[in-house]
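Positions 1 to 366 (full-length UniProt numbering) are the ones given, in order, by the sequence shown. Using N, Cα and C, we set each Cβ at its ideal position, and we do this for glycine too. Heads up, the thing below is written out as structure tokens.
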Amino acid sequence: MIEDLLQNGDFEASPAKIRVNESNQRAVLSPSNTLSGWEFGGVVEYVKGGGDISLPDNGHGIQLAKDGWISQSFRSEPDSLYLLTFTFTAAGTDCWWSPSYLILSVPPHSTAFYLQERYGHESWETHAWGFRATTGKTNVKFSSQAQSYANISCGPLLDSVYVKEQEHLETLADNILLNGDFEQGPYLYPKSTIGVLLHPLEGRDAETSSLPGWKIKDTVKYIDIDKGNRGIEIVSGSTGGIEQSICLAVGVKYQLKFQGGDANNSCIGALAVGVKGGSSAHNFSYMSFGRGDFMDFSMEFTTFSQVTNVSFVSLYRAETKDLMFCGPVIDNVVLVPSMGAPKPKASSYILMAFAILSRVLGTLYI
């Protein structure tokens, strides 16, 4: 269990004057019924899971009804990367027809999340978001934005909010890529069968990715492959995948190795992943039996520019028999020189940054 930087992020410390149970699942928060660790405003309810209200372990959550919001500040280290994980769902079966957006705000950024619906069997979903602290105190705020006020009680139901500080990534002796085994990432709720949904940055800096070291091209899932080992399931079809930019020696051959498999989620049939290394591209296909099996793959490519991109995409969208989105799972991505090429040093990343900046400035002046 990680140390959550937020207080009462699972909402299990109930308000002192509120008692909710299976027969009385909701209670409105008020100035006399406050929630430990959190500030709130608008219509906010403390909710007990069970029945048609699905929450992890049937625990407690917070429903943000019309104009409802909650927020909390925590001590932070300026410019450090933080990964926020949270779970949310509809407040009941009737509310799936009157959905609401969940707005997450961490100054100076904010983004809207909505239920994806077809990424797992639970009615609740877990999402992650990365951000860099700008001051020594960071505020996290969740608010409701209803698409329709036909049912004002159908605001999003929030649970299991975790914030962790991400360690600084370093290149390993046997791998040029950062975080090639995907062990560095957001908190993963241990009993979730769908993992954590990771989303594109939408214009924000790549250094705030919820998958450290990698740029997310479209929605992917961060999953537990086996007993705590992490991997990436590409569920977004031909637009979805991950990418990393690295500074390499020009004109040298490199070998890219990875494992491809399935998420042990009955994703049965042919799966295919497109892999690019610099200007070289290869498609890898394999048969999935939905049992969590993996195979080793590799390709070689020669660099023609200093800044080289390595990317993985799913060539098409796959589904399980019960119509849940699924796709190829990628793990243990390793990039090494094929013929004794020099590995990039720390200064190479600085050169890469200048190279990227030069490209951008060159584009601006065209």
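A buried status is given to Val140, since no fewer than 16 other beta-carbon atoms sit within 10 Å of its beta-carbon. Less than 7 angstroms separates the beta-carbon of Leu315 from that of Ala272. Per DSSP, the beta-bridge partners of His127 are Phe86 and Leu197. For Glu12, the number of other beta carbons within 10 angstroms of its own is below 16, and it is reported as exposed. Ala206 sits in a helix when the DSSP states are folded into three classes. Rounded to whole angstroms, the gap between the alpha carbons of Ser80 and Phe142 is 21 angstroms. The three-state reading of DSSP puts Thr302 in strand, counting E and B together.
Check the Cα spacing between Ser32 and each of Ile194, Lys17 and Tyr46: the tightest is with Lys17.
By the C-beta density criterion, Arg230 is buried, having at least 16 other C-beta atoms within 10 angstroms. DSSP places Thr239 in the helix class (H, G or I) of the three-state scheme. Taking the C-beta atoms as reference points, Ser209 is found nearer than 7 angstroms to Lys215. Taking a contact to require three or more Cβ pairs closer than 8 angstroms, the region 258-266 and the region 293-300 qualify as touching. Distance from the CA atom of Gly120 to the CA atom of Leu104, rounded to whole angstroms, is 22 angstroms.
Only exposed fits Arg118, as fewer than 16 other CB atoms lie within 10 angstroms of its CB. Here Asn265 carries a coil assignment [DSSP, helix/strand/coil].
Annotation for Phe325: Arg118, Tyr119, Val235, Arg317 and Glu319 place their beta carbon closer than 7 angstroms to its own, counting only its chain and skipping 5 residues before and after. Nearest to Pro107 by alpha-carbon distance, out of Trp124, Leu177, Ser76 and Tyr187, is Ser76. Taking the CA atoms as reference points, Arg26 sits about 28 angstroms from Leu197. Taking a C-beta distance under 7 angstroms as the contact criterion, Leu84 and Val163 qualify as a contact pair.
The beta carbons of Tyr222 and Ala128 sit about 7 angstroms from each other, so the pair counts as a contact at 8 angstroms. Taking all protein chains in view, the Cβ of Lys137 is surrounded by fewer than 16 other Cβ atoms within 10 Å, so the residue is classified as exposed.
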